[in-house]
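In our numbering, the protein residues as written are 52 to 230.
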């Protein structure tokens with residue numbers, strides 16, 4: 052977009068509005084672009100290591116301890132042991148990240164979720180009617196997004212009533228009940 056401004060195909064004010072920047076900042080970027088070329092638009096810290104990055108020696112130490120001395124410990128317990136015994140006060144997410152980057156997984160797998168039995172359907176039609184709304188572009192590009200409100204009989208699975216509404220509201224549900 053800045054090259055369009057340079058070639059006078061676009062106004063600087065319009066470019067600022069489209070980019071969500073101030074006019075002053077767009078002018079500063081244009082000046083740097085003229086002076087240094089496209090490389091001026093890259094961030095100054097690009098390609099540099101973060102000053103907050105954990106030193107590689109500490110990363111190796113964590114991985115070595117996780118494989119040997121503290122083998123079998125999960126991430127949370129390992130973090131506590133590193134703080135208590137090794138003097139390494141690190142956050143649990145950081146220890147987890149270091150271990151996963153090194154290909155060391157947690158020794159304990161997650162317990163599978165308990166199976167929940169599905170509710171049996173009602174024995175007779177009309178005892179339970181379930182209603183819900185679903186917002187979607189039902190008309191695709193031919194109209195606005197609408198909400199399909201539907202009432203379905205639990206026993207038979209038959210659609211008792213349905214209607215399109217601009218939004219999911221109480222009035223729409225009352226219309227379903229009336230039908």
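Positions of the beta carbon are idealized from the N, C-alpha and C atoms, including for glycine.
These numbers come from a predicted model, not from an experiment.
Which listed residue (the options) has its alpha carbon closest to that of residue i
{"i": "residue 155", "options": "137, 168, 115 and 227", "result": "115"}
{"i": "residue 198", "options": "126, 78 and 224", "result": "224"}
Residue i to residue j span [Cα, whole Å]
{"i": "residue 158", "j": "residue 96", "result": "38 Å"}
{"i": "residue 202", "j": "residue 226", "result": "11 Å"}
{"i": "residue 56", "j": "residue 192", "result": "33 Å"}
{"i": "residue 229", "j": "residue 222", "result": "11 Å"}
{"i": "residue 68", "j": "residue 102", "result": "34 Å"}
{"i": "residue 150", "j": "residue 163", "result": "23 Å"}
{"i": "residue 206", "j": "residue 177", "result": "7 Å"}
{"i": "residue 171", "j": "residue 152", "result": "46 Å"}
{"i": "residue 142", "j": "residue 113", "result": "12 Å"}
{"i": "residue 61", "j": "residue 89", "result": "18 Å"}
{"i": "residue 93", "j": "residue 121", "result": "43 Å"}
{"i": "residue 83", "j": "residue 91", "result": "6 Å"}
{"i": "residue 129", "j": "residue 144", "result": "11 Å"}
{"i": "residue 160", "j": "residue 108", "result": "29 Å"}
{"i": "residue 189", "j": "residue 200", "result": "12 Å"}
{"i": "residue 80", "j": "residue 212", "result": "59 Å"}
Secondary structure of residue i, DSSP reduced to three states
{"i": "residue 114", "result": "helix"}
{"i": "residue 204", "result": "strand"}
{"i": "residue 93", "result": "coil"}
{"i": "residue 197", "result": "strand"}
{"i": "residue 101", "result": "coil"}
{"i": "residue 209", "result": "coil"}
{"i": "residue 85", "result": "helix"}
{"i": "residue 59", "result": "coil"}
Is the number of C-beta pairs between the stretch 213 to 225 and the stretch 181 to 189 that are closer than 8 Å three or more? yes
Length-filtered (4 minimum) alpha helix (DSSP H) runs lying within the stretch 120 to 194: 126 to 132 and 143 to 152
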